[in-house]
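Notes follow once the structure below has been shown.
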Amino acid sequence: MQPFALIRTKRIERAREIVREKPETRVLRAGGIDLLDRMKEGIDEPELLVELREVLWAGAKLADGQPLIPPDTNPLPPAPRYAEVGALTTLAELAAAELPGLDALHQAAGQAATPGIRNTATVGGNLLQRPRCWYFRHRDLVCLKKGGDTCLAITGDNRYHAILGGGPSFIVHPSSLATPLLALDAVVSVFVGDAKGSVQQLVPLAELFVSPETDPTREHSLGPGDLLTQVWIPVLDDMRSAYQAVREKQSHDWPLVEAAARLRLDQAGSMRDVRVALGHVAPIPWNASEAAALLEGQAPSVDLFARAADAALADAAPLDGNAYKIPMAKGLLREVLHRASGLALPE
1 MQPFALIRTK RIERAREIVR EKPETRVLRA GGIDLLDRMK EGIDEPELLV ELREVLWAGA
61 KLADGQPLIP PDTNPLPPAP RYAEVGALTT LAELAAAELP GLDALHQAAG QAATPGIRNT
121 ATVGGNLLQR PRCWYFRHRD LVCLKKGGDT CLAITGDNRY HAILGGGPSF IVHPSSLATP
181 LLALDAVVSV FVGDAKGSVQ QLVPLAELFV SPETDPTREH SLGPGDLLTQ VWIPVLDDMR
241 SAYQAVREKQ SHDWPLVEAA ARLRLDQAGS MRDVRVALGH VAPIPWNASE AAALLEGQAP
301 SVDLFARAAD AALADAAPLD GNAYKIPMAK GLLREVLHRA SGLALPE
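Reminder that position 204 of the sequence shown reads as 204 in the UniProt record's numbering, one-by-one numbering, no gaps.
Below, the structure written as structure tokens:
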């Protein structure tokens, strides 16, 4: 690992300015878990880290209202209440936060990594971390994501790679929080802009991520010095949610597949405001909109959940080593739908 310097500031604008002055060798640092890994692996070799712990807010709470954003630029879905989560909130703090209806988020935060990592890793860092693909992480290999000509997983060992939305790169997005947050209709607050001025924007979580088809070298839309400051989540009345992941080692390992669902039941017992998301199956957190559309307005049933799982994976195109993810994702999706709806799992 190359030598580096660390600088602290208490002002957002100063932190952003320092990075924008020389973005190729300066980076922002929050929890630093993924950044430190990339530095040790020789993927990133920054000369200067800009510490954010005195700049951003940490915490998770039910907010009294929406952020102060002009209504015509506010993408937050209408809801009686909103949960506000600071970008510097650790996964351990998020797992323990009292946020009713957000069981999927609690479960994802509480299952990720190890207790030591959960006590350090932050919400913002988890969302913006880079892929764990072993070809990308190998300092001597130049894959498509690092400016090469092709994704090496196509003809290589691709057991952990994408089955949905893949191409030209087949990485899977590594964030475990992104899957439940996508199902929960989350919106992120970001500071963007250049030396001429900055502006705070609210961006739907789905729009934060960049697919390889758009730009294979990037995973998110933030530029040098741009800051993710908060996550906002609409909390609906009688909202239910669930999350689950399958790992090779249940103690601590990266998920093979994740699934999350959000819904509420009306007085007739029909499902409303259904959202379904899958993780570790695509280069971006995957919105299973076809499954959600099939479920909307219907009463929970074993057969319906099976058909929704089939719809969610209908476009799957596995590589030669990861077809196992299709039945795994279907089974996991059925499980979270049963848990979120309260319908007992079949024997």
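The beta-carbon is built from N, C-alpha and C at its ideal position, and this holds for glycine as well.
Whose CA, out of the options, lies closest to the CA of residue i?
i	options	result
Ile163	Val257, Leu35, Arg81	Val257
Tyr160	Arg132, Ala15, Glu84, Leu88	Arg132
Pro346	Asp303, Gln267, Ala92	Asp303
Gly125	Leu49, Leu88, Gly147	Leu88
Leu222	Val203, Phe170, Ala97, Pro78	Val203
Leu6	Arg53, Glu13, Glu41, Asp37	Arg53
Met1	Ser270, Leu181, Gly101, Leu36	Leu36
Val172	Lys325, Gln111, Arg339, Glu21	Lys325
Ala329	Phe136, Tyr243, Ala58	Tyr243
Ala15	Pro100, Ile43, Leu227	Leu227
Asp149	Asp157, Gly167, Asn158, Trp134	Gly167
Glu207	Glu13, Gly331, Leu127	Leu127
Ala314	Ala288, Glu296, Asp320, Leu332	Ala288
residue 356	Glu248, Val27, Glu335, Gly156	As displayed, the chain neither begins before 1 nor continues past 347, which places residue 356 out of reach and without an answer.
Arg11	Phe136, Ile154, Leu56	Leu56
Thr155	Ala316, Leu343, Tyr135	Tyr135
Glu296	Ala317, Gly331, Ser341, His220	Ser341
Glu13	Phe4, Pro3, Leu28	Leu28
Leu333	Ala308, Ala317, Ala323, Gln107	Ala308
Pro115	Gly147, Ala317, Leu91, Leu294	Leu91
Arg20	Val50, Arg139, Ala104	Val50
Pro174	Arg139, His220, His138	His220
Leu105	Leu182, Arg139, Gly165	Leu182
Helix or strand or just coil, what does DSSP make of residue i?
i	result
Lys22	coil
Thr179	helix
Pro346	coil
Leu94	helix
Gln129	coil
Met271	strand
Arg81	strand
Ala329	helix
Ala63	strand
Ala306	helix
Leu152	coil
Gly86	strand
Gly297	coil
Val276	strand
Leu337	helix
residue 373	This structure cannot settle anything about residue 373, because the visible part of the chain is limited to 1 through 347.
Leu265	strand
Please work out which residues of its chain come closer than 6 Å, Cβ to Cβ, to residue i, disregarding the five sequence neighbours upstream and downstream, and give them in chain order.
i	result
Ala186	Leu205, Val231, Ile233
Ala292	Val274, Arg275, Val276
Leu184	Ile233, Arg262
Considering only the beta carbon of each residue, do residue i and residue j sit closer than 8 Å?
i	j	result
Ala261	Leu337	yes
Glu45	Met39	yes
Val199	Val210	no
Glu93	Ala63	no
Ala268	Pro255	no
Ala311	Glu290	yes
Ser241	Pro300	no
Pro77	Ala178	no
Gly110	Ala95	yes
Thr214	Val190	no
Pro224	Pro23	yes
Asn119	Leu319	no
Ala113	His280	no
Gly59	Gly86	yes
Ser176	Ala108	yes
Apart from the five residues on each side of it in sequence, which residues of its chain come closer than 7 Å, Cβ to Cβ, to residue i?
i	result
Ser169	Leu144, Lys145, Cys151, Pro212, Pro216, Pro283
Asp34	Gly125, Gln129, Arg130
Ile117	Ile33
residue 348	Within the shown structure, residues of the chain are numbered from 1 to 347, placing residue 348 beyond reach of any answer.
Gly165	Ser211, Ala282, Pro283, Ile284, Trp286
Gly321	Asp157, Asn158, Arg159
Arg8	Glu51, Glu54
Looking only at its own chain, which residues have a Cβ that is under 8 Å from the Cβ of residue i, when we skip the five neighbours before and after it?
i	result
Arg264	Leu236, Asp237, Asp238, Met239, Arg240, Met271, Arg272, Asp273
Pro80	Val235, Leu236, Asp237
Gln298	Ser270, Met271, Leu304
Gly331	Ala309
The ligand NAP and residue i: does any heavy atom of the ligand fall closer than 7 Å to the residue's C-beta?
i	result
Arg118	This structure simply doesn't include the ligand NAP, nor any ligand for that matter.
Q. Where are the alpha helix (DSSP H) runs, 4 residues long or more, that stay fully inside the segment 4–61, in chain order?
A. The segment 4–61 contains these whole alpha helix (DSSP H) runs: 12–21, 33–41.
Item to check | beta strand (DSSP E) runs contained entirely in the segment 178–263, provided each spans 3 or more residues | outcome: Within the segment 178–263, the complete beta strand (DSSP E) runs of at least 3 residues are 187–194, 197–204, 227–235, 239–247.
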